[in-house]
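Since the structure comes first, as structure tokens, the remarks are kept for the end.
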Amino acid sequence: MLTWIISFLSNRQIQVILENKYSSKLNINCGVPQGSILSPILFIILLSTLPQGILPIVSNELADDIAFSVTAKTMERAEMLMQDAIERLEGWCNSVKLNINIQKTKVMCFTSKRLNTPSLKLNGEDIEVVKKFKYLGMMLDAPYLTWEPHITMIIEKCTKNNNILRAIAGTKFGADRDSILKINEALNRSRIAYGCPAFLSASKTQLNRLEVLQNTALRIAIGAWRSTRICNLQVEANVVPITFYIQQQSISLYYKMKAKGPTHPVHTHIFNPNHRRNLVWTKLFKKPFAIQVESILNSWNLSNNPMLETLLYPIIPPWFNLGQLIEHDLVTPTNKSMGKEQNKQSVLETLRTKYHDYTHIYTDGSKSNDDKTGAAFLFHKTLPTQIGDSMRPQL
Numbered sequence: 001m002l003t004w005i006i007s008f009l010s011n012r013q014i015q016v017i018l019e020n021k022y023s024s025k026l027n028i029n030c031g032v033p034q035g036s037i038l039s040p041i042l043f044i045i046l047l048s049t050l051p052q053g054i055l056p057i058v059s060n061e062l063a064d065d066i067a068f069s070v071t072a073k074t075m076e077r078a079e080m081l082m083q084d085a086i087e088r089l090e091g092w093c094n095s096v097k098l099n100i101n102i103q104k105t106k107v108m109c110f111t112s113k114r115l116n117t118p119s120l121k122l123n124g125e126d127i128e129v130v131k132k133f134k135y136l137g138m139m140l141d142a143p144y145l146t147w148e149p150h151i152t153m154i155i156e157k158c159t160k161n162n163n164i165l166r167a168i169a170g171t172k173f174g175a176d177r178d179s180i181l182k183i184n185e186a187l188n189r190s191r192i193a194y195g196c197p198a199f200l201s202a203s204k205t206q207l208n209r210l211e212v213l214q215n216t217a218l219r220i221a222i223g224a225w226r227s228t229r230i231c232n233l234q235v236e237a238n239v240v241p242i243t244f245y246i247q248q249q250s251i252s253l254y255y256k257m258k259a260k261g262p263t264h265p266v267h268t269h270i271f272n273p274n275h276r277r278n279l280v281w282t283k284l285f286k287k288p289f290a291i292q293v294e295s296i297l298n299s300w301n302l303s304n305n306p307m308l309e310t311l312l313y314p315i316i317p318p319w320f321n322l323g324q325l326i327e328h329d330l331v332t333p334t335n336k337s338m339g340k341e342q343n344k345q346s347v348l349e350t351l352r353t354k355y356h357d358y359t360h361i362y363t364d365g366s367k368s369n370d371d372k373t374g375a376a377f378l379f380h381k382t383l384p385t386q387i388g389d390s391m392r393p394q395l
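Take UniProt numbering: the last position of the sequence shown gets the number 395, and nothing is skipped along the way.
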């Protein structure tokens, strides 16, 4: 396999064609072939050699996007730690022949202090300090992270989508109500849902802007009057308010990270015990994500629900062949001419003979004509217990 990969990356050439004329061939000494399925995997393997930051530097990578973050009490301390991480990144990039685009590299500072303009350099050039930056689809704003630019971006895009809903809606033409609601869910709700657990720190004013946006789309979809009460509108469309939807998604994400435990990549950051030391929270010093979700759970009386811990990676490796665990041979061979009772006895005899020490679980599933599915399982196990000696034997 390694020899094949080396051959795949070696002796590659490039040639340009322009008006039926070919340029001379040039050898490619670095990079991976474009369009190949293997190329992204090889690039991710290369990024795995990226030197990890020394605490409190946190490094986050997704494909070719790399973000460094640091928390410090003073700007001087944060600048020193971040500059050291950038210099180590420069050294690693030089060793693997990668270049960092200075035009796409930005610095943001989130703080309540007035001195919030750090000075950092990359390859001897000053890195631009910005107030807004779009990272992985989320518009971040400094220094307070109010989410106002991101919500404004959502409203601008969804307002155009509402015009599409108006074009396909009508009393005598266009799509029916259910179709328009599904289109609204695909166009508008999907944009609002992306990263919405982060909106727990947004102000009520910003969340109300999303509420107005959703109500406008619902009025178009079901043909309601402007005077229709919002609660009736949401019931008719079977849609919950934006605030409840954000809380629901936040709770789901909270339990997902908590159930997977330390194996989840951000578990140690979300459930950091240091976050609970500050018991006084203000508009500037807002509650962390975990504490906000726990407050929501307490208000809904959901904080004491039991939870099973899950694993980030499956216990059974993907290369394990489950087919070898399937029993194909019965103790007493059967055929089509045998009756139902004889086949049943043969299966039960096999279970008693080969699997008497195993726990028996019976499962079944079915699918109806209207694409509805159902499943059931039966778990039969005898649990011996003893009643106190003071009880009568008849009990």
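Note that beta-carbon positions come from the ideal geometry of N, C-alpha and C, so glycine has one too. A quick note: this is a predicted structure, and the numbers were derived from the prediction, not measured.
So, are the CB atoms of Val32 and Ser23 less than 7 Å apart?
no
Give the straight-line distance between the Cα atoms of Phe68 and Ser295, rounded to the nearest whole angstrom.
30 Å
Suppose you measure from the CA of Gly223 to the CA of Tyr135; what does that come to, to the nearest Å?
37 Å
Using CA coordinates, which residue listed in Leu218, Gln13, His360, Pro143 is at the minimum distance from Leu165?
Leu218
Specify, as a first and last residue, the run of the alpha helix (DSSP H) that Lys256 falls within.
242-260
Whole-angstrom distance between Ile326 and Asp357, CA atom to CA atom
17 Å
Less than 7 Å separating the beta-carbons of Val331 and Glu349?
yes
Coil, strand or helix - Ile72 by DSSP:
This sequence places Ala at residue 72; Ile is not what is there. Coil at Ala72, not helix or strand.
Report yes if the CB atom of Pro197 is closer than 7 Å to the CB atom of Gln249, and no otherwise.
yes
Identify the residues that DSSP records as bridge partners of Gly365: which are they?
Ala375
Quick one: is Tyr254 buried, meaning 16 or more other Cβ sit within 10 Å of its Cβ, or exposed?
buried
In this structure, how does DSSP classify Ser10 when only helix, strand and coil are distinguished?
coil
Using a threshold of 6 Å, is the CB atom of Lys283 nearer than that to any non-hydrogen atom of the ligand MN?
Absence of the ligand MN is noted for the structure shown, with no ligands found whatsoever.
For Pro40, decide whether its Cβ has a neighbour in chain C, counting only Cβ atoms nearer than 7 Å.
Note that chain C does not occur in the displayed structure, where there is just one protein chain.
Segment contact flag, the region 182-193 with the region 114-133, C-beta cutoff 8 Å, min 3 pairs:
no
Name the DSSP bridge partner or partners of Ala67?
Asn60
Do Thr105 and Leu122 count as a contact pair if the criterion is CB distance below 7 Å?
yes
Can Ile251 and Val293 be called in contact, C-beta distance under 7 Å?
yes
Examine the Cβ distances between the region 106-114 and the region 58-66 and report whether three or more of them are shorter than 8 Å.
no
Grab me the residues of Thr159's own chain with a C-beta within less than 8 Å of its C-beta, minus the 5 sequence neighbours each way, in chain order.
Leu213
For Asn99, collect the residues of the same chain with a Cβ closer than 8 Å to its Cβ; drop the 5 residues on either side in sequence, then sort them by chain order.
Cys93
List, from N- to C-terminal side, the alpha helix (DSSP H) runs of 4 residues or more that fit wholly inside the region 286-373.
289-299, 340-354
Which residue wins for smallest C-alpha separation from Ala290, given the options Lys283, Asn301, Asn274?
Asn274
Backbone CA spacing between Asp364 and Ala237 [nearest angstrom]
35 Å
So for Leu26, helix, strand or coil by DSSP?
strand
Assigned exposure category for Lys381 - 16 Cβ within 10 Å defines buried
exposed
Hey, would you say His267 sits closer than 7 Å to Met257, going by beta carbons?
yes
Expressed to the nearest angstrom, what Euclidean distance is found between the alpha-carbon atoms of Leu378 and Tyr362?
5 Å
Candidates Lys344, Ala259, Ser337, Phe285: which alpha carbon is nearest Pro306's?
Ala259
Under DSSP, the beta strand (DSSP E) around Asp141 begins and ends at which residues?
138-141
Give the DSSP-derived three-state secondary structure of Ile17 in the structure shown.
strand
Continuous beta strand (DSSP E) stretch holding Lys134: start and end:
132-135
Measuring only the C-alpha atoms, how far is Pro265 from Val70?
17 Å
Any chance you could list the alpha helix (DSSP H) runs of at least 4 consecutive residues sitting entirely within the region 141-225, in chain order?
148-168, 177-184, 190-193, 204-222
According to the neighbour-count rule (16 or more other Cβ atoms, all chains shown, within 10 Å of its Cβ), is Val239 buried or exposed?
buried
What's the C-alpha gap between Met153 and Leu140?
11 Å
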